[in-house]
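The listed protein sequences correspond, in order, to chains A and B.
Position 174 of the first sequence, counting from 1, maps to 198 under the working numbering, and the rest follow consecutively.
Position 105 of the second sequence, counting from 1, maps to 129 under the working numbering, and the rest follow consecutively.
Ideal placement from N, C-alpha and C gives every residue a C-beta, glycine not left out.
In this text the structure is predicted, and so the values were computed from the model without any measurement.
Protein chains: 2
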Amino acid sequence: MAAESSGQPTVRSVERALDVLEALERSDTPLRLVDLCRLVDLHPATVLRSLAVLQRRGLVVTENQTYRLGVAVLRMAHGFLVNDQLTQQARPVMQSLTSVTGLTSSLYVRSGFERVLAVRVDGSPQLHYQVPIGRWFPLYVGSGKVIAAHLPKDERDAVAAMSEGCVNAAGEPLDPERVRRELEDIDRDGHSLTIGERDVAVAAAAVAVTGPTGEVLAALSVSGPSEHTSKDRLRQAVPELRRAASALSGRHARP
Amino acid sequence: MAAESSGQPTVRSVERALDVLEALERSDTPLRLVDLCRLVDLHPATVLRSLAVLQRRGLVVTENQTYRLGVAVLRMAHGFLVNDQLTQQARPVMQSLTSVTGLTSSLYVRSGFERVLAVRVDGSPQLHYQVPIGRWFPLYVGSGKVIAAHLPKDERDAVAAMSEGCVNAAGEPLDPERVRRELEDIDRDGHSLTIGERDVAVAAAAVAVTGPTGEVLAALSVSGPSEHTSKDRLRQAVPELRRAASALSGRHARP
DNA sequence: ACAATGAACTTCACTAGATGAAATGTTGGT
DNA sequence: ACCAACATTTCATCTAGTGAAGTTCATTGT
Numbered sequence: 025m026a027a028e029s030s031g032q033p034t035v036r037s038v039e040r041a042l043d044v045l046e047a048l049e050r051s052d053t054p055l056r057l058v059d060l061c062r063l064v065d066l067h068p069a070t071v072l073r074s075l076a077v078l079q080r081r082g083l084v085v086t087e088n089q090t091y092r093l094g095v096a097v098l099r100m101a102h103g104f105l106v107n108d109q110l111t112q113q114a115r116p117v118m119q120s121l122t123s124v125t126g127l128t129s130s131l132y133v134r135s136g137f138e139r140v141l142a143v144r145v146d147g148s149p150q151l152h153y154q155v156p157i158g159r160w161f162p163l164y165v166g167s168g169k170v171i172a173a174h175l176p177k178d179e180r181d182a183v184a185a186m187s188e189g190c191v192n193a194a195g196e197p198l199d200p201e202r203v204r205r206e207l208e209d210i211d212r213d214g215h216s217l218t219i220g221e222r223d224v225a226v227a228a229a230a231v232a233v234t235g236p237t238g239e240v241l242a243a244l245s246v247s248g249p250s251e252h253t254s255k256d257r258l259r260q261a262v263p264e265l266r267r268a269a270s271a272l273s274g275r276h277a278r279p
Numbered sequence: 025m026a027a028e029s030s031g032q033p034t035v036r037s038v039e040r041a042l043d044v045l046e047a048l049e050r051s052d053t054p055l056r057l058v059d060l061c062r063l064v065d066l067h068p069a070t071v072l073r074s075l076a077v078l079q080r081r082g083l084v085v086t087e088n089q090t091y092r093l094g095v096a097v098l099r100m101a102h103g104f105l106v107n108d109q110l111t112q113q114a115r116p117v118m119q120s121l122t123s124v125t126g127l128t129s130s131l132y133v134r135s136g137f138e139r140v141l142a143v144r145v146d147g148s149p150q151l152h153y154q155v156p157i158g159r160w161f162p163l164y165v166g167s168g169k170v171i172a173a174h175l176p177k178d179e180r181d182a183v184a185a186m187s188e189g190c191v192n193a194a195g196e197p198l199d200p201e202r203v204r205r206e207l208e209d210i211d212r213d214g215h216s217l218t219i220g221e222r223d224v225a226v227a228a229a230a231v232a233v234t235g236p237t238g239e240v241l242a243a244l245s246v247s248g249p250s251e252h253t254s255k256d257r258l259r260q261a262v263p264e265l266r267r268a269a270s271a272l273s274g275r276h277a278r279p
């Protein structure tokens, strides 16, 4: 038996091994076997066998009875970047964007209702925390909004609805209705300007990178420390940012 | 049946799925199904089932009958960085290292007989190609040599032997015997200084980061464009580099 | 010190489910 | 229009993944 009742073919043991991998990915601390078993709801022997395979590949490492991801996942990340046309072409564009504006440029790729940092080119002095490659954020805060704003109306509203019960970096609760209106404004302006929203210490301007049929693929942003980066400074960078984004738009299809 | 004839337990279908993933990782171009089948030596139906699972997780994406890695691998990379004490602690240390020296700092983690770039903090102007996170290199060129130099004698010689038949960035063939002698020098000096070796445009100084029992875990380097980065400038940075590396040494065990 | 708990890891008989041959659908070349 | 090459689906077979039970090891309480 291979084809599932629900169309998609699958391989149970692979699904299970990936559940284990994802559990480790989501955890911000190494996990013991029992913890993993509880998280993925599997028999210890099954989890242990999966871990043994993953370990031999370097995807998982173990240290006195706790498990976490291994360096091999970094090599995989590189394997992605090498084949991804968008990030590949973005790198030089972003380097000149940063050298012209003096701000940090970031490319957040859309992945479902999330955005994932794929490329970052740092602006001059690194005085603050830097978002590491692979970090993901929702679409309803900060530069993510420029992605949400370009989604079809129903999905856009869905994103706004997700903000229900969430708080921004300053701890203020988000209002879905207000988010929805902001997204409309951003859609009209073609760019977002957010100050201290996702991170109180960061101010950013962002525009969308789109595919051949106009669908959003990513958000390209420039950002700086909020004390030294005024709204005006960001606004000045918008034309350059827009130019960079349009150089990347229209060439890449959604997966 | 679960335990293999060779001690280690395994799960065949998981092994196979990971073979597929690794084939995609190693390829510098998207692959068709037949190509994958040839590479991993499996029946098309088997490969297709594995791909379906990987696709649903975002680890693989397909575009008109070709397959490549998906953004989910970037999220995994982040999952690794979050739990890895060494890279976590290295980030701030490297930021100050870069702000003091003005050079780019890189942390290459040892993984078998390779090194993988885990953290990079860019020095002032980005005028040249930047090594992306996850890129791996051998231990016998450039900053890798500082890792090789601290290995037990037999492994060190093994690395030197691997350089047989390889060329450096300038296209000159490497001589294992000469590499072996260089490693001895580096072991004595406690640092490496390489100019245009791994990349003709880059000059770098590197020192080793070690674990509690003195085993090498990583190479910490400072680098700059070879035209504007003299041997003297690098030498001046060595004490600071050494300080940074010793702040990271002795705390982390090998996996 | 010694039992008792709890967790990591191993073994093995059973049968769920992964497998691959073959059939079907699709695309591109001449 | 035909053929060739590849992608994808189906299904009967029997491999190999599973989990209950057992073993070992470490830690905690009395």
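6 Å CB neighbourhood of residue i in its chain, flanking five on each side removed
i: residue 61 of chain B; result: 68 and 71
i: residue 121 of chain B; result: 129 and 268
i: residue 142 of chain A; result: 111, 131 and 133
i: residue 140 of chain A; result: 133 and 160
7 Å Cβ cut-off: residues of chain A touching residue i
i: residue 167 of chain B; result: Going along chain A, no residue has its Cβ under 7 Å from residue 167 of chain B, so there is no contact; the nearest lies around 16 Å.
i: residue 82 of chain B; result: 135
i: residue 110 of chain B; result: None at all; the shortest Cβ gap to chain A is about 10 Å.
i: residue 48 of chain B; result: 103
i: residue 146 of chain B; result: 146
7 Å Cβ shell around residue i - same chain, five flanking residues per side excluded
i: residue 43 of chain B; result: 64
i: residue 56 of chain A; result: 89 and 90
i: residue 83 of chain A; result: 45, 93, 94, 96 and 97
i: residue 271 of chain A; result: 117
i: residue 125 of chain A; result: 246, 261 and 264
i: residue 74 of chain A; result: 40, 41 and 44
i: residue 278 of chain B; result: 235, 239 and 241
i: residue 114 of chain A; result: 131, 143 and 272
i: residue 194 of chain B; result: 220 and 224
Residue from the options with nearest C-alpha to residue i
i: residue 80 of chain B; options: A/33, A/48 and A/56; result: A/33
i: residue 169 of chain A; options: A/277, A/92 and A/208; result: A/208
i: residue 179 of chain A; options: A/145, A/235 and A/240; result: A/240
i: residue 276 of chain A; options: A/251, A/242, A/257 and A/254; result: A/242
i: residue 172 of chain B; options: B/206, B/191 and B/196; result: B/206
i: residue 137 of chain B; options: B/163, B/147, B/146 and B/148; result: B/163
i: residue 221 of chain B; options: B/259, B/145, B/238 and B/190; result: B/190
i: residue 251 of chain B; options: B/227, B/196 and B/235; result: B/227
i: residue 202 of chain A; options: A/212, A/181 and A/194; result: A/181
i: residue 38 of chain B; options: A/78, A/49 and A/204; result: A/78
i: residue 48 of chain B; options: A/108, A/49 and A/255; result: A/108
i: residue 212 of chain B; options: B/174, B/144, B/255 and B/52; result: B/174
i: residue 99 of chain B; options: A/259, A/184, A/197 and A/158; result: A/158
Interface flag, residue i vs chain B, CB-CB below 8 Å
i: residue 33 of chain A; result: yes
i: residue 251 of chain A; result: no
i: residue 26 of chain A; result: Low confidence applies to residue 26 of chain A: its pLDDT is 46, below 50, so where it sits in the model is not reliable enough to give any reading.
i: residue 76 of chain A; result: yes
i: residue 92 of chain A; result: yes
i: residue 257 of chain A; result: no
i: residue 272 of chain A; result: no
i: residue 62 of chain A; result: no
Proximal chain A residues relative to residue i, where beta-carbon distance stays under 9 Å
i: residue 41 of chain B; result: 35, 37, 38, 41 and 42
Residue range of the beta strand (DSSP E) that includes residue i
i: residue 129 of chain A; result: 128-135
i: residue 280 of chain B; result: Any property of residue 280 of chain B remains undetermined from this structure, which presents chain B solely from 25 to 279.
i: residue 217 of chain B; result: 216-219
i: residue 92 of chain B; result: 90-93
i: residue 140 of chain A; result: 138-145
Residue-chain proximity (residue i, chain A), Cβ-Cβ < 8 Å
i: residue 53 of chain B; result: yes
i: residue 56 of chain B; result: no
i: residue 222 of chain B; result: no
Partners in chain B for residue i, counting only beta-carbon separations shorter than 9 Å
i: residue 157 of chain A; result: 98, 101, 102, 105, 156, 157 and 158
i: residue 140 of chain A; result: 95, 96, 98, 99 and 102
i: residue 204 of chain A; result: Ordered by position in chain B, no residue passes the 9 Å Cβ test against residue 204 of chain A, which lies about 26 Å from the chain.
First through last residue of the alpha helix (DSSP H) which encompasses residue i
i: residue 171 of chain A; result: 168-173
i: residue 182 of chain B; result: 177-186
i: residue 267 of chain B; result: 255-272
i: residue 242 of chain B; result: Residue 242 of chain B -> not in any alpha helix (DSSP H); beta strand (DSSP E) instead, spanning 240-249.
i: residue 111 of chain A; result: 109-125
Chain A residues whose Cβ lies nearer than 8 Å to that of residue i
i: residue 267 of chain B; result: In chain order: nothing, as chain A lies at least about 19 Å away.
i: residue 180 of chain B; result: Within chain A, no residue comes near residue 180 of chain B; the closest Cβ sits about 21 Å away, beyond 8 Å.
Residues near residue i in its chain [Cβ-Cβ closer than 8 Å; skip 5 each side]
i: residue 215 of chain A; result: 170, 229, 230, 231, 262, 265 and 266
i: residue 274 of chain A; result: 234, 235 and 236
i: residue 87 of chain A; result: 54
i: residue 255 of chain B; result: 217, 219 and 227
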